[in-house]
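Colleague:
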Amino acid sequence: MSGTHHLTTVAAGASEHRPLIITLFGLFVVATLIITVWAGRQTKDAADFYAGGRQFTGFQNGLAISGDYMSAASFLGIAGAIALFGYDGFLYSIGFLVAWLVALLLVAEPLRNSGRYTMGDVLAYRMRQRPVRTAAGTSTIVVSIFYLLAQMAGAGVLVSLLLGITSDGGKVAVVALVGVLMIVYVTIGGMKGTTWVQMIKAVLLIAGALLITFLVLLEFNFNISDLLGKAAENSGQGAKFLEPGLKYGKDSTSKLDFISLGLALVLGTAGLPHILIRFYTVPTAKAARKSVNWAIGIIGAFYLMTIALGFGAAALLERADILASNKAGNTAAPLLAQAVGGGADSTGGAVLLAVISAVAFATILAVVAGLTLASSSSFAHDLYVNVIRKGKATEQEEVRAARWSTVVIGAVAIGLGALARDLNVAGLVALAFAVAASANLPTILYSLFWKRFNTQGALWSIYGGLVSAVGLVLFSPVVSGKPTSMFKDADFFWFPLENPGIISIPLGFLLGWLGTVLTKEEADPQKFAELEVRSLTGTGAV
Numbered sequence: 071m072s073g074t075h076h077l078t079t080v081a082a083g084a085s086e087h088r089p090l091i092i093t094l095f096g097l098f099v100v101a102t103l104i105i106t107v108w109a110g111r112q113t114k115d116a117a118d119f120y121a122g123g124r125q126f127t128g129f130q131n132g133l134a135i136s137g138d139y140m141s142a143a144s145f146l147g148i149a150g151a152i153a154l155f156g157y158d159g160f161l162y163s164i165g166f167l168v169a170w171l172v173a174l175l176l177v178a179e180p181l182r183n184s185g186r187y188t189m190g191d192v193l194a195y196r197m198r199q200r201p202v203r204t205a206a207g208t209s210t211i212v213v214s215i216f217y218l219l220a221q222m223a224g225a226g227v228l229v230s231l232l233l234g235i236t237s238d239g240g241k242v243a244v245v246a247l248v249g250v251l252m253i254v255y256v257t258i259g260g261m262k263g264t265t266w267v268q269m270i271k272a273v274l275l276i277a278g279a280l281l282i283t284f285l286v287l288l289e290f291n292f293n294i295s296d297l298l299g300k301a302a303e304n305s306g307q308g309a310k311f312l313e314p315g316l317k318y319g320k321d322s323t324s325k326l327d328f329i330s331l332g333l334a335l336v337l338g339t340a341g342l343p344h345i346l347i348r349f350y351t352v353p354t355a356k357a358a359r360k361s362v363n364w365a366i367g368i369i370g371a372f373y374l375m376t377i378a379l380g381f382g383a384a385a386l387l388e389r390a391d392i393l394a395s396n397k398a399g400n401t402a403a404p405l406l407a408q409a410v411g412g413g414a415d416s417t418g419g420a421v422l423l424a425v426i427s428a429v430a431f432a433t434i435l436a437v438v439a440g441l442t443l444a445s446s447s448s449f450a451h452d453l454y455v456n457v458i459r460k461g462k463a464t465e466q467e468e469v470r471a472a473r474w475s476t477v478v479i480g481a482v483a484i485g486l487g488a489l490a491r492d493l494n495v496a497g498l499v500a501l502a503f504a505v506a507a508s509a510n511l512p513t514i515l516y517s518l519f520w521k522r523f524n525t526q527g528a529l530w531s532i533y534g535g536l537v538s539a540v541g542l543v544l545f546s547p548v549v550s551g552k553p554t555s556m557f558k559d560a561d562f563f564w565f566p567l568e569n570p571g572i573i574s575i576p577l578g579f580l581l582g583w584l585g586t587v588l589t590k591e592e593a594d595p596q597k598f599a600e601l602e603v604r605s606l607t608g609t610g611a612v
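If you use this note's numbering, the sequence shown corresponds to residues 71 to 612, in order.
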């Protein structure tokens with residue numbers, strides 16, 4: 071069993087191997103751009119741009135969903151959270167995985183059967199088109215931008231680490247580069263290009279995680295007990311590192327924060343726009359079910375490996391080195407790769423650092439492409455075609471609007487990502503889950519399963535969930551009041567929890583019910599009957 075690896079500045083250790091690192095990055099970017107251009111040439115209409123022509127098999131879509139879901143939060147954020155907080159960090163892995171059961175049991179098949187391209191299609195089927203589509207489009211864009219924040223923050227940290235960039239200006243430039251690549255992927259390749267990039271990235275990420283897991287376990291002769299013992303000893307916390315309470319459970323506020331986080335993680339997946347649109351890329355409801363089953367298997371295997379990634383980083387790296395590289399622990403996985411490859415000054419360490427970082431970069435690019443596609447699809451299909459043009463736009467105009475909105479959303483994500491570069495990416499993603507679970511999930515479930523649900527209920531639910539979740543985040547420690555906040559020097563927080571889910575999610579459900587029962591508007595029972603048949607059988611679906 072080896073001792074801990076002291077990392078004299080990673081930038082220095084990687085500097086002599088920087089040409090290799092840049093070459094690996096460049097190869098990946100060029101390869102994915104070639105795939106994107108190839109897919110773009112086969113994108114002829116709106117169905118191709120939004121849903122990849124509905125030509126992907128259950129396995130392919132399951133792989134792509136895994137690629138979409140295993141984001142920078144999964145790879146960088148969870149490994150960092152476990153390395154710093156032990157047991158409490160691993161709770162992210164459990165929450166992200168359990169969430170898939172909600173998506174599989176309640177949402178995947180009915181949604182695939184009921185809609186065409188976006189969540190707005192399902193809601194507008196039995197309600198007033200324009201107000202509901204406006205609300206659905208707004209919600210989709212806000213959730214996507216929150217999620218994009220996390221990916222941009224991860225990208226800035228990762229590439230800055232590799233290229234030795236320490237200045238704030240340099241880190242902002244890295245975030246801008248990722249944003250530009252993301253815009254190129256989506257505007258040229260649409261859903262086909264994005265799906266192929268996600269599939270390749272999922273394979274690379276699983277392979278990379280397997281390799282590090284194997285090397286970490288090799289250090290401890292495949293004795294997991296020794297690994298956990300060394301992690302606890304090296305953390306400076308002793309046995310407490312392997313028990314609940316380092317991050318959550320210290321007082322009543324942190325206990326509430328944990329419940330809030332758990333609610334957001336478990337219920338958020340079924341309301342995430344970039345995951346929901348993946349169900350439209352398969353030809354049948356059976357393929358939608360199969361793709362979720364594949365996704366659960368692949369994602370479950372990956373989250374098991376986060377035990378080795380996170381506790382391995384705690385065991386083999388100095389806590390001070392992890393924090394010095396990034397305050398939120400986002401670089402723990404790449405630093406661990408360098409350590410198990412031979413250390414900062416070795417060629418093996420540099421190669422493994424470069425490979426794992428290139429995989430993490432691939433992860434970020436694939437996820438940001440999926441997120442941008444979800445939000446630009448919703449803008450073009452829900453807002454532009456059905457609200458602004460009142461259904462009178464051609465398919466070419468619709469796709470053009472989607473491409474232009476990609477540019478705008480990309481620019482917003484670059485700006486916000488530059489501000490969020492020092493926050494833990496797993497925590498940022500948990501916020502996106504909270505917003506999705508508060509605004510989208512109540513409306514989707516009420517639409518699919520409650521006959522009386524009406525337009526007013528949908529509007530109250532979406533806007534109420536959205537405003538409460540985003541409002542509470544703005545006045546939480548995530549934005550101000552702490553050294554790890556987005557605005558470190560400001561202090562205007564009064565909401566004590568870092569995740570708003572415990573208040574905003576029940577509020578979203580309550581407002582949907584209240585809005586429905588307090589209005590005289592009658593829901594159309596015939597439309598609900600049609601939607602019920604369609605959601606269960608696929609009859610009449612595109």
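All residues carry an ideal CB built from backbone N, CA and C; glycine is no exception.
These figures come from a predicted structure and were not determined experimentally.
(1) For Ala-593 and Phe-449, what's the separation of their Cα atoms in angstroms?
(2) Determine, using beta carbons only, whether Glu-699 and Ser-605 come nearer to each other than 9 Å.
(3) Quick check: the Cα distance between Val-362 and Phe-503, rounded to an integer number of angstroms?
(4) Can you name, in chain order, every residue of its own chain whose Cβ lies under 6 Å from the Cβ of Gly-73, other than the five neighbours on each side?
(5) Have a look at Gly-382 and Leu-316 and give me their C-alpha separation to the nearest angstrom.
(6) Should Phe-349 go down as buried or exposed, given a rule of 16 or more other Cβ atoms within 10 Å for buried?
(7) Between which residues of its own chain and Leu-453 is the CB-CB distance below 6 Å, once the five residues before and five after are set aside?
(8) What separation, rounded to the nearest whole angstrom, lies between the Cα atoms of Leu-581 and Leu-174?
(9) Touch check for the region 367 to 374 and the region 335 to 349: three-plus C-beta pairs under 8 Å?
(10) Spell out whether any CB of chain C is found under 9 Å from the CB atom of Gly-239.
(11) What did DSSP end up calling Leu-567 once you bin it into helix, strand or coil?
(12) If you draw a straight line from the C-alpha of Thr-417 to the C-alpha of Gly-485, how long is it?
(13) Using DSSP with H/G/I as helix, E/B as strand and the rest coil, what is Phe-523?
(14) So which of Leu-219, Ala-539, Gly-234, Asp-238 has the shortest CA-CA distance to Val-248?
(15) If you drop the 5 nearest sequence neighbours on each side, which residues of the same chain put their C-beta closer than 8 Å to that of Asp-138?
(16) Please say whether Met-222 and Ile-366 have beta carbons closer to each other than 9 Å?
(17) Tell me the rounded alpha-carbon separation between Thr-351 and Lys-262.
(18) Tell me whether the beta-carbon of Val-613 lies closer than 9 Å to the beta-carbon of Gly-259.
(19) Are there 16 or more other CB atoms within 10 angstroms of the CB of Phe-292, so buried, or fewer, so exposed?
(20) Quick check on the burial criterion: 16 or more other C-beta atoms within 10 angstroms. Buried or exposed for Ile-282?
(21) Is it buried or exposed for Ala-134, if we count other Cβ within 10 angstroms and need 16 for buried?
(22) Buried or exposed: Gly-338, going by 16 or more other Cβ atoms within 10 Å of its Cβ?
(23) Near Lys-597, what residues of its chain come up, given a Cβ to Cβ distance below 6 Å and the 5 sequence neighbours on each side ignored?
(24) Going by Cα to Cα distance, which pick from Gly-110, Leu-167, Lys-590 is closest to Thr-257?
(25) Could you check the C-alpha separation between Leu-90 and Val-100 for me, to the nearest Å?
(26) Ignore the nearest five residues each way along the sequence and tell me which others in Gln-526's own chain have a CB closer than 7 Å to its CB.
(27) Quick one: Cα of Val-286 to Cα of Ser-395, how far?
(28) Hey, how far is the Cα of Leu-379 from the Cα of Phe-155?
(29) When you compare only the Cα positions, how much space is there between Ile-377 and Ala-149?
(30) Just how far apart, CA to CA, sit Thr-513 and Gly-411?
(31) Of all the options Val-425, Ile-572, Gln-408, Thr-354, which has the alpha carbon lying nearest to the alpha carbon of Thr-607?
(32) If you run the structure through DSSP and keep just helix, strand and coil, what is Ser-141?
(33) Between which residues of its own chain and Pro-201 is the CB-CB distance below 7 Å, once the five residues before and five after are set aside?
(34) Given a cut-off of 9 Å, decide if Ser-574 and Leu-544 are closer than it, judged by their beta-carbon atoms.
(35) If you draw a straight line from the alpha carbon of Arg-522 to that of Ala-194, how long is it in whole angstroms?
(36) Quick one: what's got a C-beta closer than 8 Å to Gly-319's C-beta in the same chain, skipping five residues either side?
Modeller: Quick look at the numbers:
(1) Here residue 593 corresponds to residue number 523 of the sequence shown, with the count starting at 1. Here residue 449 corresponds to residue number 379 of the sequence shown, with the count starting at 1. Approximately 26 Å, taken between the alpha carbons.
(2) Since the first and last residues shown for the chain are 71 and 612, residue 699 lies out of range.
(3) By one-based count along the sequence shown, residue 362 stands at place 292. By one-based count along the sequence shown, residue 503 stands at place 433. Rounded to whole angstroms, Val-362 to Phe-503 spans 18 Å at the Cα level.
(4) Numbered from its first residue, the sequence shown carries residue 73 at position 3. Residue placement at Gly-73 cannot be trusted, given a pLDDT of 47 that sits under 50; what the coordinates show is reported in the next sentence. There are no such residues.
(5) Your numbering for residue 382 matches position 312 in the sequence shown. Your numbering for residue 316 matches position 246 in the sequence shown. So the alpha carbons of these two residues sit roughly 18 Å apart.
(6) Translated into positions along the sequence shown, residue 349 becomes position 279. When all chains shown are included, Phe-349 counts as buried.
(7) Indexing the sequence shown from 1 puts residue 453 at position 383. Once the five neighbours on either side are set aside, the close Cβ partners of Leu-453 are Gly-207.
(8) Sequence index remark: in the sequence shown, residue 581 carries index 511 (1-based). Sequence index remark: in the sequence shown, residue 174 carries index 104 (1-based). If you take the alpha carbons of Leu-581 and Leu-174, they lie about 25 Å apart.
(9) no
(10) Here there is only one protein chain, and chain C is not present.
(11) Here residue 567 refers to the residue found at position 497 of the sequence shown. If DSSP states are grouped into helix, strand and coil, Leu-567 belongs with coil.
(12) Taking the first residue of the sequence shown as position 1, residue 417 is located at position 347. Taking the first residue of the sequence shown as position 1, residue 485 is located at position 415. Those two C-alpha atoms are separated by around 36 Å.
(13) For the purposes of this step, residue 523 is identified with residue 453 of the sequence shown, where counting begins at 1. Reduced to three states, the DSSP call for Phe-523 is coil.
(14) Within the sequence shown, residue 248 is the residue found at index 178, counting from 1. Selected option, being the one with the closest Cα: Leu-219.
(15) Numbered from its first residue, the sequence shown carries residue 138 at position 68. Contacts found: Gln-268, His-344, Ile-345, Arg-348, Ala-436, Val-437, Gly-440.
(16) Looking up residue 366 in the sequence shown gives position 296. Looking up residue 222 in the sequence shown gives position 152. Contact flag unset, no.
(17) One-based indexing of the sequence shown puts residue 351 at position 281. One-based indexing of the sequence shown puts residue 262 at position 192. Cα-Cα distance, rounded: 9 Å.
(18) Residue 613 lies beyond the range of the chain shown here (71 to 612); nothing can be said about it.
(19) For the purposes of this step, residue 292 is taken as residue 222 along the sequence shown, with counting starting at 1. The residue in question, Phe-292, is exposed, as its Cβ has fewer than 16 Cβ neighbours within 10 Å.
(20) Translated into the one-based positions of the sequence shown, residue 282 becomes position 212. Counting Cβ neighbours within 10 Å, Ile-282 comes out buried, since at least 16 surround it.
(21) What you label residue 134 is simply residue 64 of the sequence shown in a count that begins at 1. So Ala-134 ends up on the buried side.
(22) Taking the sequence shown and counting its residues from 1, the one referred to as residue 338 is at position 268. Result: buried.
(23) On the sequence shown, position 527 is the one that residue 597 refers to. Arg-196, listed in sequence order.
(24) The residue given as residue 257 occupies position 187 in the sequence shown. The candidate whose alpha carbon is nearest that of Thr-257 is Gly-110.
(25) Counting from one through the sequence shown, the residue named residue 90 turns up at place 20. Counting from one through the sequence shown, the residue named residue 100 turns up at place 30. So the alpha carbons of these two residues sit roughly 15 Å apart.
(26) Counting from one through the sequence shown, the residue named residue 526 turns up at place 456. So the list reads Gly-585, Thr-586, Thr-589, Glu-591, once near-sequence residues are dropped.
(27) Start at 1 with the first residue of the sequence shown, and residue 286 comes out as number 216. Start at 1 with the first residue of the sequence shown, and residue 395 comes out as number 325. So the two alpha carbons sit approximately 20 Å from each other.
(28) In the sequence shown, the residue the question calls residue 379 occupies position 309. In the sequence shown, the residue the question calls residue 155 occupies position 85. The alpha-carbon separation between Leu-379 and Phe-155 amounts to approximately 13 Å.
(29) As a first step, residue 377 is located in the sequence shown; it is residue number 307 there, counting from the start. As a first step, residue 149 is located in the sequence shown; it is residue number 79 there, counting from the start. Cα to Cα, the separation comes out at about 8 Å.
(30) On the sequence shown, residue 513 is found 443 positions in, with the first residue counted as 1. On the sequence shown, residue 411 is found 341 positions in, with the first residue counted as 1. Those two C-alpha atoms are separated by around 49 Å.
(31) Taking the sequence shown and counting its residues from 1, the one referred to as residue 607 is at position 537. Nearest option by C-alpha distance: Thr-354.
(32) Indexing the sequence shown from 1 puts residue 141 at position 71. Reduced to three states, the DSSP call for Ser-141 is coil.
(33) For the purposes of this step, residue 201 is taken as the residue at position 131 of the sequence shown. Here Pro-201 has Thr-525, Leu-529 as same chain residues with Cβ atoms under 7 Å from its own Cβ, once five neighbours each way along the sequence are excluded.
(34) Within the sequence shown, numbered from 1, the residue matching residue 544 stands at position 474. Within the sequence shown, numbered from 1, the residue matching residue 574 stands at position 504. Their beta carbons are not under 9 Å apart, which means Leu-544 does not touch Ser-574 by this criterion.
(35) Translated into the one-based positions of the sequence shown, residue 522 becomes position 452. Translated into the one-based positions of the sequence shown, residue 194 becomes position 124. Straight-line Cα distance between these residues: approximately 15 Å.
(36) Residue 319 sits at position 249 when you count from the first residue of the sequence shown. So the qualifying residues of the chain are Asp-158, Lys-325, Phe-328.
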